[in-house]
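Protein chains in written order, with my numbering: chain A, 48 to 353; chain B, 48 to 353; chain C, 826 to 1100; chain D, 826 to 1100.
Backbone N, C-alpha and C define an ideal beta-carbon position, used for all residues, glycine too.
Working notes, structure below.
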Ligand SMILES: Cc1cc2nc3c(=O)[nH]c(=O)nc-3n(C[C@H](O)[C@H](O)[C@H](O)COP(=O)(O)OP(=O)(O)OC[C@H]3O[C@@H](n4cnc5c(N)ncnc54)[C@H](O)[C@@H]3O)c2cc1C
Ligand SMILES: Cc1cc2nc3c(=O)[nH]c(=O)nc-3n(C[C@H](O)[C@H](O)[C@H](O)COP(=O)(O)OP(=O)(O)OC[C@H]3O[C@@H](n4cnc5c(N)ncnc54)[C@H](O)[C@@H]3O)c2cc1C
Ligand SMILES: Cc1cc2nc3c(=O)[nH]c(=O)nc-3n(C[C@H](O)[C@H](O)[C@H](O)COP(=O)(O)O)c2cc1C
Ligand SMILES: Cc1cc2nc3c(=O)[nH]c(=O)nc-3n(C[C@H](O)[C@H](O)[C@H](O)COP(=O)(O)O)c2cc1C
Ligand code: FES
Ligand code: FES
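Take a look at the structure:
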């Protein structure tokens, strides 16, 4: 890393590098701390939190698809109180940004969580307005600009931390949604959450997932994610955190060139527990190869064809 | 095929079996006639036609992505007149349904083409209101329910043939769009067209496609396609033609169980010029294995989890 | 502590139609793995398939620093694994999960398995076998293993060598007793006491074994299966219903299991089935 | 007429760093293929990568019913191809595309190639070579082949054997003439007449060759490349700009080419480059 400046700013939050573990794929960091040095991560977005504990959906919760997976965990989590009590102290041992990913059934719940978290040691809040796996909640706000404006606008005053709004890709026009998040006070946006999908067990003539549908992630979604990140980054001035199918440094560089200030690595952790570190090394190697000394030398540096 | 009834109805159109070659992936049938017996196909949806000939977009027009491809052909085609003169006679030698896929820059163009085609020997018109690769045209109508209503409603009186409306997956709510197509007079809907995506050449720091973005197809999109077909089929009463990532009989059966009355096979033709026949055989084998004698024994027979 | 390892395959052989045994050289796994634990294998070095595949550790050889996996070809992942040859390397994440409780307090031991569930049971017998060598009389090891038919019987010799009593059932009666292995167990329990029962196999079988064990008040451990994402407890996809106070909760097979005391498990949702 | 064939690989060998030659047994391709045609290969039997990869037919052996492909490892597809071994089978779609125009009317023939573009040129020389055997004096075959440096030179012996004059250039001068192969051609044309020039290689090179040929009024055929989908003319992705009346149109490399008369090609968009 000598000589290469990987620091990025997400609003007021400074990350030592642009590689963040994506929410829901990294637990609360404990499991992966056996494989990688969490101190070397730009940040960790923890498993989606709700106000009350949630059991999540019935199993099976996962199906494999071509170059991707569908999941329908349904936000199983111990609740934000238990997180603050039982998990945050562990994470705070490490020198990495802790991002609390939150989802509520109502705007009031989002606000209550934002307040609780504002009083804590976390570094940023990621408002998940886009979880496809819970009936009420997230996604109903996330799929219209009006819904996003309302929730972001109302949570903003309750949230003293850097506030990232995580967008769903299941929309007609991501630019409009991104603009709404920015206008309503988001410090940054992150995208994409999963694409709503389905898989069918033709022998049982039933959906593979007990929840019938699930969220698609992994390499399969990368082209869609990249297009949306590019569109969003060219719409808003706030930082964009890009994700969707990133497995290596080259993938991450695509998102950075498209305008992302940081990237999140999700599904790739399952295949390769060292994925976040491999992505980081890959970015560094790319910068070295092109003699770029600063990560901002590549962020948004895509030249589009006329 | 003895004993198994594969015939399906798409509005007034009867297909001998539910396997149709997807528009844009099968040319005007000539090339594939060297590999498969076109008489055995349920139908052929020809390359998207426009009123005037079109050169299409600059190359490169294709990029490979994980389990998928992005294309940006941009509707290169000789125009509907040349099609009727030079291509249709060839296709009409075969005993298979010929579906004319059309795209216009204006509603008037759609109407003019529908009239021309209504006077011809073709079997059905597929209104492409969803091509992501041309600036004007298709997609601007296809991504709102109002746009779909308008175009379908206005083309309907000009179209004496079975009228299939092909929907774009790049929308927030496919149910709403499907319902709009039905209410405005579509005889059937087909979906999905391609998902808008992007790929970046990190060494040139430019998009791989000269057109910057392109349409994603192939196995990668199957879970999204299947979910949308399921949603659409449970919204409308008219037949649904399902597609997106079908490569084999098992894939097709997933779509049929989800409610599709027929399937289209696109990208798989590139990998395997016999793909349509393999899909057909796979469907037959599945029916035999479960002792189903009629294709309608499986159409829409998915049992969802409660 | 699990590790990601690139290890060398020493041998790969077909044991029966669609059943393969792979012997892998691994200092780390061979020294640290315990019965009931599993490894999560990458099946190709491309991006497809995306997920690793969980396979139980069937046996270890601490001296030769090897371990064995036995698996059935079910789909693309296991198909790719079956094509690997001696000399190829394989990307392994493991050892994973909580092992069976093996204790010298238990003297009369029964293992009950069906289908691909029998493989991890061999490792249990081996562990008690070691104790037995020191103290021959004290241990009594029984194995009840069930198969579909004669042709699907595998590892019979190995089981017979590893225990005192080995009884086999086949569903069609083409070898051993006709019927399910649970019948053999019931028969045996009606006339003999066991200190512990370990079971692995189809859900219906394990449920029945658990009930029978309950009836005879024999402690019983089951090894569950569920589709997995990460294999290490981070993604929460591998949920299984377990008792929690008066109610229930979703535990996770990869982290809280795969081995559970049977009275903690609620079998009503255990739909996945590797029979 | 192209076919989908499952053929056996007889030999696979590295010719230089990242350059491989694969010899494939194929009655059909060996008997029907003509110089300039290509095959479209499936690189794995999984779904990844989705697209086939186009590779020119480098040579055929009609007696032994084999043909050769020579390719450079560029990415995942060619990497997978390079791992295939003798005895493996390979899924081939071919022969595809329009061949070079080979005619006994042409007596003084030059082939000009750079990088991986040189491989299909060998097949041209072979074809004229056959005529030459019957009528030794009549034909004069020259090859001008360019490489980056000494270490990337491949098939030198084969080219030397297949023609009368073989001149090599390297960009760094580490072997043959220093500079580009187009320099060699210009030098030669200034003192000798050719009846036809065939060229394949980086776009910039072909463009220059085409210009030079134009200057000396020598008919010239070029072999273009473009990313492909179907390889058979159905998907229209492999567009290349060609003259049409007073204007231009998009032709398709797989169907209308890959071989074109150079005066039909408009090089301004020919961005793809396999130098
Ligand atoms: C802890 C654990 C230990 C295991 N140990 C062994 C073992 O020792 N030997 C052995 O042969 N198998 C074992 N399995 C099962 C093995 O993991 C699956 O058979 C394998 O993952 C199937 O992969 P595939 O790609 O071949 O099949 P896929 O194509 O993925 O699926 C084929 C069929 O198997 C079912 N399936 C796939 N994955 C799972 C899963 N994780 N759980 C339940 N059903 C699934 C699907 O419904 C599908 O119908 C174990 C599973 C677990 C969870
Ligand atoms: C008609 C024809 C004949 C060919 N003959 C030969 C031959 O004889 N020997 C040989 O070594 N190569 C030949 N090629 C090139 C060969 O097809 C590509 O190198 C190969 O497809 C790359 O696949 P990959 O998976 O290894 O690389 P990818 O991972 O797909 O790409 C690696 C790099 O190559 C570029 N690339 C990939 N595909 C193409 C393409 N179709 N056109 C242009 N650029 C591309 C990409 O920009 C990328 O940077 C030929 C191509 C064509 C169109
Ligand atoms: C098993 C699983 C659980 C997830 N849970 C959450 C979550 O709780 N909150 C959230 O915002 N995103 C969640 N996601 C979405 C990811 O954070 C990420 O947006 C998505 O997976 C795309 O990135 P990837 O392709 O790198 O996985 C989850 C994804 C997976 C695979
Ligand atoms: C190269 C290419 C060209 C296409 N051209 C058209 C077109 O002209 N009209 C149209 O309606 N769909 C077109 N499509 C979309 C396909 O018909 C189909 O909707 C899509 O590819 C999804 O199916 P698949 O995954 O089986 O390919 C095209 C797709 C490809 C790959
Ligand atoms: S597989 Fe991820 S928690 Fe068990
Ligand atoms: S590759 Fe499909 S038309 Fe040329």
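Please report how far the alpha carbon of residue i lies from the alpha carbon of residue j, in whole angstroms.
i, j, result
"residue 243(A)", "residue 119(B)", "24 Å"
"residue 1059(D)", "residue 290(A)", "34 Å"
"residue 898(D)", "residue 908(D)", "10 Å"
"residue 145(A)", "residue 137(A)", "11 Å"
"residue 1030(C)", "residue 983(C)", "22 Å"
"residue 1087(C)", "residue 924(C)", "14 Å"
"residue 103(A)", "residue 1075(C)", "8 Å"
"residue 184(A)", "residue 151(A)", "Per-residue confidence for residue 184(A) stands at a pLDDT of 49, beneath the threshold of 50, marking its modelled position as unreliable; the derived number appears in the next sentence. When rounded, the distance between both Cα atoms is 6 Å."
"residue 906(D)", "residue 128(A)", "55 Å"
"residue 840(C)", "residue 954(C)", "23 Å"
"residue 337(A)", "residue 314(B)", "36 Å"
"residue 166(A)", "residue 272(A)", "33 Å"
"residue 113(B)", "residue 876(D)", "11 Å"
"residue 1055(C)", "residue 317(A)", "4 Å"
"residue 234(A)", "residue 203(A)", "9 Å"
What residue range does the alpha helix (DSSP H) around residue i cover?
i, result
"residue 136(A)", "135–138"
"residue 864(C)", "Run containing residue 864(C): none in the alpha helix (DSSP H); it sits in the beta strand (DSSP E), 863–866."
Report the neighbours of residue i on chain D: residues whose CB is nearer than 8 Å to its CB, in chain order.
i, result
"residue 102(B)", "1074, 1075"
List the whole-angstrom C-beta distance separating residue i from residue j, where the pair is believed to meet the contact cut-off of C-beta under 8 Å.
i, j, result
"residue 1037(C)", "residue 1010(C)", "6 Å"
"residue 966(D)", "residue 989(D)", "5 Å"
"residue 831(D)", "residue 914(D)", "5 Å"
"residue 890(D)", "residue 852(D)", "5 Å"
"residue 176(A)", "residue 154(A)", "That pair is no contact at about 10 Å."
"residue 329(A)", "residue 278(A)", "In fact, because the Cβ distance is near 24 Å, the residues do not count as touching under 8 Å."
Could you work out which residues of chain A lie near residue i, taking near to mean beta carbons separated by less than 9 Å?
i, result
"residue 351(B)", "253, 254, 259"
"residue 169(B)", "The contacting residues do not exist; residue 169(B) stays about 31 Å from chain A at best."
Could you give the first and the last residue of the continuous beta strand (DSSP E) run that contains residue i?
i, result
"residue 1046(C)", "1045–1048"
"residue 269(B)", "Premise fails: residue 269(B) lies in the alpha helix (DSSP H), 269–280, not in any beta strand (DSSP E)."
"residue 1127(C)", "Residue 1127(C) lies beyond the residue range present for chain C, which begins at 826 and ends at 1100; the question has no answer from this structure."
"residue 967(C)", "965–972"
"residue 886(C)", "884–886"
"residue 298(A)", "Here residue 298(A) belongs to no beta strand (DSSP E); instead the alpha helix (DSSP H) covers 296–305."
"residue 75(A)", "Run containing residue 75(A): none; DSSP gives neither H nor E here."
Can you pull the chain D neighbours of residue i, defined as C-beta to C-beta under 7 Å?
i, result
"residue 321(B)", "829"
At a CB-CB cut-off below 8 Å, which residues of chain C make contact with residue i?
i, result
"residue 78(A)", "1055, 1057, 1058, 1059, 1080"
Run down chain A in chain order and give the residues with a C-beta less than 8 Å from the C-beta of residue i.
i, result
"residue 108(B)", "Chain A residues near residue 108(B): none, gap ~12 Å exceeds 8 Å."
"residue 897(C)", "Those within 8 Å of residue 897(C) in chain A number zero; the least Cβ separation is about 17 Å."
"residue 1051(C)", "106, 107"
Check the Cβ of residue i against every Cβ in chain C and list those closer than 7 Å, keeping chain order.
i, result
"residue 872(D)", "873"
Using a C-beta to C-beta distance shorter than 7 Å, which residues of chain B count as neighbours of residue i?
i, result
"residue 117(A)", "270"
* Asked: Are at least three pairs of beta-carbons, each pair with one atom in the region 1015–1029 of chain D and one in the region 71–87 of chain B, less than 8 Å apart?
  -> no
* Pairing CB atoms from the region 1063–1080 of chain C with CB atoms from the region 938–958 of chain C, are three or more of them under 8 Å? -> no
* Asked: Counting pairs of Cβ atoms below 8 Å between the region 79–89 of chain B and the region 108–123 of chain B, do you hit three or more?
  -> no
* Give a yes or no on contact between the region 266–285 of chain B and the region 236–251 of chain B, applying the rule of three or more CB pairs nearer than 8 Å. => yes
* Inter-stretch contact (C-beta, 8 Å, three-pair minimum) for the region 281–290 of chain A and the region 298–307 of chain A -> yes
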